[in-house]
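Working notes for the structure below.
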Amino acid sequence: MPQPSLVARLRVAIWDRVGHLRHELAKFGVVGAIAFGVDAVTFNLLLHWGGRDALLYDKVTTAKTVSIMAATLVSYLGNRFWTYRHRERSGYSREYLLFFAFNGVGLLITLACLDFSHYVLGFKTGIADNISGTLIGTALATLFRFWAYRRYVFPETTGDELTAELRQQV
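Under the numbering used here, think of the first position of the sequence shown as 1160, with each following residue one higher.
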């Protein structure tokens, strides 16, 4: 029986690589959806529960900071112990520091969207705050965090199988 061609093996190697990424992305999405729910619910409770007597009524930046901090804790637990559990730890201190530092950057991205809409453009309704901070800001910050987590916080420690396969064929 003839061996598969280099192109066929390369196609399988790429599909395996992409398949793993899709699986990881799906888990990241589930964890993100749960953290998103924590963020959205906490943000709206702090701003609106009790009307003008709400805990952080009219303090959108503070409310969003608190809600993102709660969501970050949920996100860390879900990503460390489910999404990236197959990856070896590169050191607890390093992992925690990088995770929370990159989440700090994500927080700044989200707050920039929220504050620009709220304070610069003057869109001061609950709907506008949720669109700019909770939807747009979170979407942009999530793209950044997915890249940062994969690259720096939970890096792969094994060699690249696709590169190894190509080296064997050349």
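Ideal placement from N, C-alpha and C gives every residue a C-beta, glycine not left out.
So is the beta-carbon of residue i under 8 Å away from any non-hydrogen atom of the ligand NAP?
| i | result |
| --- | --- |
| D1175 | The model on display carries no ligand, and the ligand NAP is accordingly not part of it. |
For a cutoff of 9 Å on Cβ pairs, would you count residue i as touching chain B?
| i | result |
| --- | --- |
| G1263 | The structure shown has no chain B; it contains just one protein chain. |
Return helix, strand or coil for residue i, following the three-state DSSP convention.
| i | result |
| --- | --- |
| S1276 | helix |
| R1310 | helix |
| S1164 | coil |
| K1186 | helix |
| G1296 | helix |
| G1281 | coil |
| V1177 | helix |
Is it right to say residue i is buried, meaning 16 or more other beta carbons lie within 10 angstroms of its own, or is it exposed?
| i | result |
| --- | --- |
| T1284 | exposed |
| H1277 | buried |
| A1192 | exposed |
| G1196 | exposed |
| D1175 | exposed |
| G1237 | buried |
| V1190 | buried |
Shortest alpha-carbon distance to residue i belongs to which of the options?
| i | options | result |
| --- | --- | --- |
| Y1243 | G1188, F1195, D1175 | G1188 |
| A1271 | N1262, L1257, G1292, A1229 | G1292 |
| A1185 | W1241, G1281, F1275 | W1241 |
| I1126 | F1202, H1179, P1161 | The question about residue 1126 has no answer here: the residues shown for the chain are numbered 1160 through 1329. |
| L1232 | L1215, D1274, F1261, G1250 | F1261 |
| A1222 | L1204, D1212, F1195 | L1204 |
| S1249 | D1175, R1181, Y1235, Y1311 | Y1311 |
| T1220 | V1171, D1198, F1258, I1173 | D1198 |
| S1226 | G1265, Y1255, Y1308, R1168 | G1265 |
| H1207 | N1289, H1179, S1164 | N1289 |
Start-end ranges of the alpha helix (DSSP H) lying completely within the region 1193-1271, minimum 4 residues: 1219-1237
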